[in-house]
Amino acid sequence: VSKRKPYVRSMDGWWKKNPYFVEYMIHESTALFVAAYCLVLLVGVIRLGQGEAAWNGWLEAMKSPLSVLCHLVLLAGAVYHTYSWFKILPITMPPVIVGGKKMAPEALTGTALAVAAAAGLALLALVWRIAL
Amino acid sequence: MSKYRTRSNAPIFWGLFGAGGMLSALFGPALIILTGVMLPHGWGLPADFADFPHVLAFARHPLGKLVVLAVIALFFWHGAERMYLTLKDMRAGALPVLRLMTYGVAALLTLATIALLLAIGF
């Protein structure tokens, strides 16, 4: 049995030492915002199932300035998630061939972001149409 | 050694992560504006849009149920996979514990959402 105690480099704070990993941690942390939003919706579903008074109470709570502020923070997280999700799209999906040439990563990200903006606006337009 | 290759369960979680990530990247910001700001305040919507009978009718429609379930469950599975991998990278604890904290909670939340939606009725 070896008595040697080899030096093992500490891994503490490894992600702070490289800007690439700092950005990685920031885009990974958007998961917390996305998950927090699920909990808000889940509480809404619970209150809806409890009847009209409970639902109105939930709506009232959602009207508070604190709730609006929290949603703006969630929105910032969600927008950064959208941006970073499509920024890494060229790495996560198979190459897209357009006209016999591989599509440039910037073009792919740009197209995907445009599609995302259109999808968001389409959703709001759909709700608006149903509502009218 | 086994004749058969052991099958990994990773593609299932990866698939849920991808589906939730794509759905939230496309519709997350609009949904947050819709349910977090426009719905409670009635901004840009008819006055009775957020009324109990309307929202109940939406939640009672099979398509409405599917939308609610897809958003809550897939968004959360997406978050859970990212949190699991990040906690794993940070060596935050034993892997079974980390799985229970992320995948476990996501599974529980999915079942709870299904149960709630069924309890609301059709």
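Chains C and V, in that order, give the protein sequences.
The first sequence begins at 1 in the working numbering and counts up by one.
The second sequence begins at 133 in the working numbering and counts up by one.
Every residue, glycine too, gets a C-beta built ideally from N, C-alpha and C.
Return helix, strand or coil for residue i, following the three-state DSSP convention.
i: Val199 (chain V); result: helix
i: Lys102 (chain C); result: strand
i: Ile97 (chain C); result: strand
i: Met233 (chain V); result: helix
i: Asn56 (chain C); result: helix
i: Thr138 (chain V); result: coil
i: Pro185 (chain V); result: helix
i: Arg4 (chain C); result: coil
How long is the line joining the alpha carbons of residue i and residue j, rounded to whole angstroms?
i: Met133 (chain V); j: Arg139 (chain V); result: Residue confidence for Met133 (chain V) is low, a pLDDT of 49 falling below 50, so the modelled location carries little weight; the figure read from the coordinates is stated next. Approximately 14 Å between the Cα atoms of the pair.
i: Ala189 (chain V); j: Tyr20 (chain C); result: 47 Å
i: Ala78 (chain C); j: Val187 (chain V); result: 24 Å
i: Glu28 (chain C); j: Leu243 (chain V); result: 25 Å
i: His193 (chain V); j: Gly49 (chain C); result: 14 Å
i: Thr30 (chain C); j: Arg4 (chain C); result: 43 Å
i: Gly57 (chain C); j: Ala251 (chain V); result: 20 Å
i: Ile204 (chain V); j: Thr111 (chain C); result: 27 Å
i: Asp12 (chain C); j: Asn18 (chain C); result: 13 Å
i: Leu227 (chain V); j: Leu177 (chain V); result: 46 Å
Is residue i buried or exposed, if buried means 16 or more other CB atoms sit within 10 Å of its CB?
i: Leu59 (chain C); result: buried
i: Glu23 (chain C); result: exposed
i: Met25 (chain C); result: exposed
i: Tyr37 (chain C); result: buried
i: Ile164 (chain V); result: buried
i: Pro6 (chain C); result: exposed
i: Thr245 (chain V); result: buried
i: Arg214 (chain V); result: buried
Can you list, in chain order, the residues of its chain with a C-beta nearer than 8 Å to that of residue i? Leave out the 5 residues immediately preceding and following it.
i: Pro95 (chain C); result: Lys102, Met103
i: Leu249 (chain V); result: Ala191, Lys197, Val200, Leu201
i: Thr109 (chain C); result: Phe86, Lys87, Leu89, Pro90
i: Leu219 (chain V); result: Gly225, Leu230, Met233, Thr234
Here's a check: name, in chain order, each residue in its chain whose Cβ is nearer than 6 Å to the Cβ of residue i, leaving out the five neighbours to either side.
i: Leu171 (chain V); result: Ala182
i: Leu42 (chain C); result: none
How would you write the range of the alpha helix (DSSP H) that residue i sits in, first residue to last?
i: Phe159 (chain V); result: 142-165
i: Phe254 (chain V); result: Careful: Phe254 (chain V) lies outside any alpha helix (DSSP H) and carries neither H nor E.
i: Ile46 (chain C); result: 19-49
i: Leu69 (chain C); result: 65-87
i: Gly211 (chain V); result: 207-221
Take residue i and list the residues in its own chain whose beta-carbon comes closer than 7 Å to its own, dropping the five residues that flank it on each side.
i: Gly99 (chain C); result: none
i: Pro105 (chain C); result: Pro90
Item to check | Positions along the stretch 153-171 of chain V whose CB lies within less than 9 Å of some CB in chain A | outcome: Of the protein chains in this structure, namely C and V, none is chain A.
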